[in-house]
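Below: the structure, in structure tokens.
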Amino acid sequence: MKNVTRLFVLCLLAVFLPLSLHSQSWKFIIYGDTRTHDNAHRSVLQSMMKNSPDYRFIINVGDVVNRGSESKDWRTWQAAVDEELGGIGQNENPPKYMAAPGNHDRVPGDGDSNWAEYLPGQQRFGNGGRYFVLDYENVRFLVLNSMEPPDGPQRDMLMDAIQNNPKQWLLTIWHHPIFDFGPKKYEEKLHREWGVPLYEHGADIMFMGHAHYYVRSKKLKLNGEINPPVDDVRGIMQIVTGNGGAPPYAVNPNEDNNAYMVEKYTSSRGYTECMISGHKLVLRHVLADGTIFDSLTVTANPKQHIRKGQRGGIVPERPARQFNCGDKESRPRVKSDMSAIAHEIKMTRLGGLHRRP
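The following block contains the structure:
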């Protein structure tokens, strides 16, 4: 009777333990262009606290302030995030609030000192906190500075990060969108230097700002052309989420004949919430009034270095290498523990429990 009971418990563990591990989820927020209108920015922050209070961290896509060289503008931003979010956790690892530089932030330039003073947490990642790689849980974040040349040191960092990526997800954040939906312009060099290799290495989503609206594209095959084809299987999405407080822009979905690639767009202010659960990402764009404007579930693209998992996900072939945050030491034990459970079930079926010495 005791053996039957133990067999029953082992069977329950074998079924529900992997499901429990797979269902673990966590959230982060992407938004930006928070300059100029403090009240509008605060309305977006208030929506975050009401609708996504359990986020792990926030990444701003740039133009954090209107004049990066002016301490007054930074103090206004600091007061908003302190009063509405309860602080930005710059001593935490990773920081609770990070950012990619925008043109108004003037980094590199006369905004450097304020960038270091008000966003000190990301300085630990090197390059003056202007561009860096962050590994967190099962995601590799690549934060770049589109105000600096896209070749040279930044491209070297990008290529190393994507060629040696141990994670299921590869997400990028920088300021200038590759594809324009008015009133900006197509960024050919960013497409060629960053977009093409990102597509070739299975990147999933590019988050940008600069244009003050929200536009989500279809999954695209980034091939260096101004009108690349749709790739529903392995394509990379461009999401412009620059509606965090700056004066809104009207969207022209057919700018540069891009209408075929547009899925959703709005000029209303808001932020983008992402919830990661294994190889699934649930994305919501939440407006300042709490309306869920956009929602979809994304599956991680296959990566160059990873193999198909037996349970339908993707699993890394080697452990993470750098800037790891949030990984739990106990996780490597899961596979061996489940193997032990399966072995005991097998031995029980053969007529007796296997007792380890």
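Residue numbers (the working numbering): 51 to 407.
Virtual Cβ for every residue (Gly too), placed ideally from N, Cα, C.
Just so you know, these numbers come straight off a predicted model, no measurement behind them.
Beta-carbon proximity check, residue i vs residue j, cutoff 8 Å
i	j	result
residue 288	residue 228	yes
residue 348	residue 254	yes
residue 197	residue 225	yes
residue 291	residue 81	yes
residue 257	residue 157	no
residue 200	residue 243	yes
residue 350	residue 218	yes
residue 297	residue 86	yes
residue 262	residue 308	no
residue 271	residue 285	yes
Rounded separation between residue i and residue j - CA only
i	j	result
residue 345	residue 325	11 Å
residue 139	residue 165	15 Å
residue 74	residue 331	12 Å
residue 246	residue 188	23 Å
residue 71	residue 353	Any reading at residue 71 must be qualified, since the residue scores a pLDDT of 41, below 50, and its modelled position is unreliable; the value itself is stated next. Their Cα atoms are separated by approximately 22 Å.
residue 329	residue 122	43 Å
residue 366	residue 146	Note on residue 366: pLDDT 35, under 50, position unreliable in the model; no value is reported.
residue 159	residue 153	10 Å
residue 182	residue 100	30 Å
residue 220	residue 269	14 Å
residue 327	residue 333	11 Å
residue 176	residue 295	29 Å
Close Cβ partners of residue i (< 8 Å) along its chain, the five nearest in sequence each way excluded
i	result
residue 338	90, 93, 94, 96, 97, 318, 319 and 320
residue 137	131 and 146
Proximal residues to residue i (C-beta, below 6 Å), its chain only, five neighbours per side dropped
i	result
residue 236	230, 276 and 306
residue 155	114, 118 and 161
residue 109	80, 148 and 223
Limits of the alpha helix (DSSP H) - the one that residue i falls within
i	result
residue 204	203-213
residue 124	121-135
residue 88	88-101
residue 318	Neither: residue 318 is in no alpha helix (DSSP H) and is coded neither H nor E.
residue 305	From DSSP, residue 305 is part of no alpha helix (DSSP H); its letter is neither H nor E.
residue 249	246-250
residue 162	162-168
Residues of its chain near residue i, where Cβ-Cβ distance is below 7 Å and the 5 sequence neighbours each way are ignored
i	result
residue 168	124 and 128
residue 265	231, 290, 301, 312 and 315
residue 77	102, 104, 105, 106, 323, 324 and 325
residue 376	Per-residue confidence for residue 376 stands at a pLDDT of 49, beneath the threshold of 50, marking its modelled position as unreliable; the derived number appears in the next sentence. Correct list, in chain order: 186 and 187.
residue 303	231, 309, 312 and 315
Identified DSSP bridge partners for residue i
i	result
residue 276	BP columns for residue 276 are empty, so no partner.
residue 195	Its beta-bridge partners do not exist; DSSP assigns none.
residue 109	80 and 148
residue 266	289 and 314
residue 189	186 and 219
residue 326	76 and 331
Residue i, enclosing beta strand (DSSP E) - first and last residue
i	result
residue 219	219-223
residue 344	342-349
residue 332	330-337
residue 255	255-258
heavy atom of the ligand MN below 7 Å from residue i C-beta
i	result
residue 271	Inclusion of the ligand MN in the displayed structure is not the case, the ligand content being empty and no account of it being possible.
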